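For reference, the structure is listed below as structure tokens.
What follows is the structure, encoded as structure tokens:
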């Protein structure tokens, strides 16, 4: 139970993907112009992150290295294998959603192709196969269940920050901003204040 | 001939600067500019990988079928990143540690795939190499400048060497990186706008002078000359 709470707090607040790790900034700045699209993107990223880790974690640990066969060790090819799994997964998911639920596809299907080149998805796959004791606490042993849970809650943390940002940007539309600050610069300065707010959680936990 | 390569290089470094104008590859930028040396190391790694990937993609551009070009590019880039990671782990362990997870994330860096899609698959090998080098240098320069500012404000040091005894904790965190990045884009946009306005004013003045000169010669000569000045 303690580990579960530690994972949820670490993934959503203290090690939030956008504000602390700065992964997945492209959709954060690109798709946060209104709340509806920010929510669609966030949900799509969350689903893809959880499924991607559920596939890549066993592939990396049980398929790319088999202890009983000494020469069978392809773990150095992780980047190529992971990016291929993610790309095909996104394609598959898009086809399935289009077939099963056209309304859901209209709501979030357009964000799916963008996710292939999203740092957050590859980042979480790389993160859970590495050493996580610095993030969750010493003596933590990673297994399949924790890995998927961590990915799921990282995605939820991502969605949370996307929603906050889109709300702020909708308000920002009503303001008059000087010409060279308009667009990306003012969004980044807004994002900086969100980061400061999230920094406070580091002191609490 | 030389002028063409000069234009490609100038575009890559200044007018299409990947960090300030196109705003691509933001994740490693924001994650690493709190330390100038790791920012510069990231930039140089991207220069090497971007140049090699541009050369390879442009060399294979007639062989790769149009329908599967994106997966093919990703395989080329992922292979290069895997190689770079192995070389750095063996020969540059300090830089390898300071880049952390961002080294693997070069695969999904939009700059590399963007240059492959927008430039390398339409141009010759030499042009693509120049473009890769120039774009990479633009990225490196931007990262290093912001890294120096951020590191100085955050810990009073320059490339790891302490030069002043003060520190503003904010600039050692992503929040400070966001502020510095946002303000840098604003300053860069302002400078580019000023240059463009200055050029426009100069061109207008020149064409008006031409027009006045031609009017002295007579009405008939003025119209074609004005068109030429445009």
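Residue numbers (the working numbering), protein chains in the order written: chain S, -4 to 200; chain E, 965 to 1194.
Backbone N, C-alpha and C define an ideal beta-carbon position, used for all residues, glycine too.
All figures in this text were calculated on a predicted structure; none of them were measured in a lab.
When beta bridges are read from the DSSP output, residue 1125/E appears opposite 1122/E.
Chain-order list of chain E residues neighbouring residue 194/S: 1137, 1139, by C-beta distance under 8 Å. Under the 8 Å criterion on CB atoms, residue 1069/E is classed as interfacial with respect to chain S. Taking C-beta separations shorter than 7 Å and ignoring five residues to either side along the sequence, residue 122/S has no partners in its chain. Between the segment 150 to 160 of chain S and the segment 11 to 26 of chain S there are three or more C-beta pairs closer than 8 Å, enough to call the two in contact. Straight-line measurement puts the Cα of residue 1173/E at about 43 Å from the Cα of residue 1075/E.
Taking 8 Å as the cut-off, the Cβ atoms of residue 1023/E and residue 1094/E do not count as close. Comparing C-alpha distances from residue 41/S to each of 65/S, 163/S, 56/S, 148/S shows the shortest one belongs to 148/S. Nearest in C-alpha terms to residue 996/E, of all of 1132/E, 1021/E, 1152/E, 1106/E, is 1106/E. For the segment 1007 to 1041 of chain E, the residues whose beta carbon sits under 8 Å from a beta carbon of chain S are, in order, 1035, 1038, 1039. Between the alpha carbons of residue 57/S and residue 43/S lies a distance of about 21 Å.
Among the CB atoms of chain S, none fall inside 8 Å of the CB of residue 983/E. Along the segment 63 to 74 of chain S, the positions whose C-beta sits under 9 Å from a C-beta of chain E are 71, 72, 73, 74, read in chain order. Between residue 6/S and chain E, the shortest Cβ-Cβ separation is not below 8 Å. In the three-state DSSP reduction, residue 138/S falls in the coil class, being neither helix nor strand. The beta-carbon of residue 48/S is placed no less than 8 Å from the nearest beta-carbon of chain E. Residue 60/S is bridged by DSSP to 68/S. The alpha carbon of residue 1033/E has as its nearest neighbour, out of 1099/E, 1086/E, 1135/E, 1129/E, the alpha carbon of 1086/E. Not one beta carbon of chain S lies nearer than 8 Å to the beta carbon of residue 1114/E. Taking residue 79/S as reference, the option from 1071/E, 1051/E, 1083/E, 1152/E with the minimal CA-CA separation is 1071/E. 1120/E is the residue among 999/E, 1120/E, 1125/E whose C-alpha sits nearest the C-alpha of residue 1131/E.
Residue nearest to residue 975/E within the set 1148/E, 1176/E, 1091/E is 1091/E (criterion: CA-CA distance). A Cβ-Cβ distance of about 13 Å is found for the pair residue 1038/E and residue 1020/E, leaving them out of contact under the 8 Å criterion. Residue 1168/E counts as exposed, since fewer than 16 other beta carbons sit within 10 angstroms of its beta carbon. The shortest C-alpha to C-alpha distance from residue 17/S to any of 196/S, 127/S, 183/S is the one to 183/S.
Residue 194/S and residue 969/E have their C-alpha atoms some 46 Å from each other. The three-state secondary structure of residue 169/S, taken from DSSP, is coil.
In the same chain as residue 157/S, and ignoring 5 residues on each side of it, the C-beta atoms closer than 7 Å to its own belong to 23, 27, 33, 36, 37, in chain order. Residue 108/S has its alpha-carbon roughly 25 Å from the corresponding atom of residue 186/S.
In the same chain as residue 190/S, and ignoring 5 residues on each side of it, the C-beta atoms closer than 6 Å to its own belong to 14, in chain order.
8 Å or more divides the Cβ of residue 81/S from the Cβ of residue 49/S.
For residue 1154/E, the residues of chain S that pass the 7 Å Cβ criterion are 175, in the order they occur in the chain.
Nearest to residue 84/S by C-alpha distance, out of 0/S, 97/S, 102/S, 112/S, is 112/S. The Cβ atoms of residue 198/S and residue 124/S do not sit closer than 8 Å to each other. Contact between the segment 1151 to 1161 of chain E and the segment 170 to 181 of chain S is present: three or more C-beta pairs spanning the two stretches fall below 8 Å. Interface annotation, residue 1103/E: not in contact with chain S, CB-CB separation never under 8 Å.
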